[in-house]
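Working notes, beginning with the structure itself.
Numbering (full-length UniProt numbering), first residue to last: 1 to 178.
Written as structure tokens, this is what we have:
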């Protein structure tokens, strides 16, 4: 994959609606913040492990200014009314050679439509092309949808549960859960 900053693909949601999976751009600031505004406190808590509705300028810069090498971010964009809106996003950040941490968020009204799975497929493809061997995530134990997404993604899954979090490791070689 050459220039990931121009990455774009079209997927179909479970209801048949098209959604574009594309690279996040710095000019997506307003769209990203609008998506956060349309996401419930519960969903934001599951993504950020805390009540996180507002972000500092430094945090916004981190989320928006990705290099598409060590930090890859994709958004799901849907037609809504007369315009196009960000309805979800996924990213990975390389934490050490061969390994990256992955995270997702989907606006509540679009949850259950396959956006998380689509973002996961695209991120896995990009991660494989980049030579990554593992994706990791920390998931709250009550976030059944995210745990199910990881279980069904086709990668070898290892879960380790602690009191407050489930540590997930996905090995890039296809396999079954353990």
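For every residue, glycine included, the Cβ atom is placed at its ideal position computed from N, Cα and C.
All values derive from a computational prediction rather than experimental measurement.
(Q) Once the 5 residues before and after residue 90 are set aside, which same chain residues still bring their CB inside 6 angstroms of it? (A) 74, 104, 119 and 123
Q. If you draw a straight line from the C-alpha of residue 28 to the C-alpha of residue 141, how long is it?
A. Whole-angstrom Cα-Cα distance: 31 angstroms.
Q | Closest Cα partner of residue 135 within the set 113, 145 and 95 | A | 95
Q. Where do the ends of the alpha helix (DSSP H) carrying residue 152 lie?
A. No alpha helix (DSSP H) holds residue 152; DSSP gives it neither H nor E.
Q: Could you please give me the residues that DSSP links to residue 181 through a beta bridge?
A: Past the edges of the chain, shown from 1 to 178, lies residue 181, and the structure says nothing about it.
Q. Which partner residues of residue 83 appear in the DSSP bridge assignment?
A. 80
Q) Alpha carbon to alpha carbon, what distance is there between residue 19 and residue 33? A) When the Cα atoms are used, residue 33 and residue 19 turn out to be separated by approximately 19 angstroms.
Q. Can you tell me whether residue 178 is buried or exposed, with buried defined as 16 or more other CB within 10 angstroms of its CB?
A. Confidence is the limiting factor: at residue 178 the pLDDT is only 45, short of 50, which leaves the residue's position unreliable, though a coordinate-based value still follows. By the 10 Å Cβ count, residue 178 comes out exposed.
Q: Can you check DSSP and say which residues form a bridge with residue 74?
A: 23 and 90
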